[in-house]
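Participant: Dropping a structure here in structure tokens format, bear with me for questions.
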Amino acid sequence: MNKGIGQYKQIGVETALVNASPHRLIQMLYEGALTQLANAKGAIQNDQIELLSVSIKKTSNILIGLEEGLDLEKGGEIASNLQALYRFLQTELIAAQSTQSVEKIDAMISVLVELKSAWDAIEPGKISDETISSDKT
Numbered sequence: 000m001n002k003g004i005g006q007y008k009q010i011g012v013e014t015a016l017v018n019a020s021p022h023r024l025i026q027m028l029y030e031g032a033l034t035q036l037a038n039a040k041g042a043i044q045n046d047q048i049e050l051l052s053v054s055i056k057k058t059s060n061i062l063i064g065l066e067e068g069l070d071l072e073k074g075g076e077i078a079s080n081l082q083a084l085y086r087f088l089q090t091e092l093i094a095a096q097s098t099q100s101v102e103k104i105d106a107m108i109s110v111l112v113e114l115k116s117a118w119d120a121i122e123p124g125k126i127s128d129e130t131i132s133s134d135k136t
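For the record, in the sequence shown the residue sitting at position 24 is 23 according to numbering that gives the first Met the number 0, with numbers rising by one throughout.
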């Protein structure tokens, strides 16, 4: 029964990915990272090393996806700053896993909540590539 539920959920996720706008895909990545960090925090608190490892790996993959989605040429300074931030979060992720630091996980959650809130505030289609790349003040 659980296997069937898992497969059903996977189909739902795949359908959402196929039908999602680029804006929504980024939202989904942020949501996934926040979910995995919450799982990692719980794993630390409950001494579940295997779950911690899985959650850290998934979060890392999401951060890689966010970084790979950046267009440094069109995104200018904003994209460069996001790239640096995603790389910093990767470093913190490794440190959080090796030290089993709930505080580091909480700090990463705070950063990603802020990023997601900013992203959510952007109306899809309201900002063109030209607007983003010319905002280099």
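Don't be surprised by glycine CBs; every beta carbon is placed ideally from N, CA and C. None of the values given here were measured: they were computed from a predicted structure.
#1: Can you tell which of Tyr29, Ala19, Ser20 and Pro21 has the C-alpha that lies nearest to the C-alpha of Glu113?
#2: Of all the options Gly124, Ile93 and Leu88, which has the alpha carbon lying nearest to the alpha carbon of Ser109?
#3: Which residue wins for smallest C-alpha separation from Glu91, given the options His22, Glu67 and Asp105?
#4: Looking at the structure shown, is Asn45 part of a helix, part of a strand, or coil, going by DSSP?
#5: Quick one: residues in its chain with C-beta nearer than 7 angstroms to the C-beta of Ala78, no 5 flanking neighbours on either side, listed in chain order?
#6: In angstroms, rounded to a whole number, what distance separates the CA positions of Leu81 and Gly75?
Facilitator: The relevant details are as follows:
#1: Tyr29
#2: Leu88
#3: Asp105
#4: coil
#5: Leu69, Asp70 and Leu71
#6: 10 angstroms
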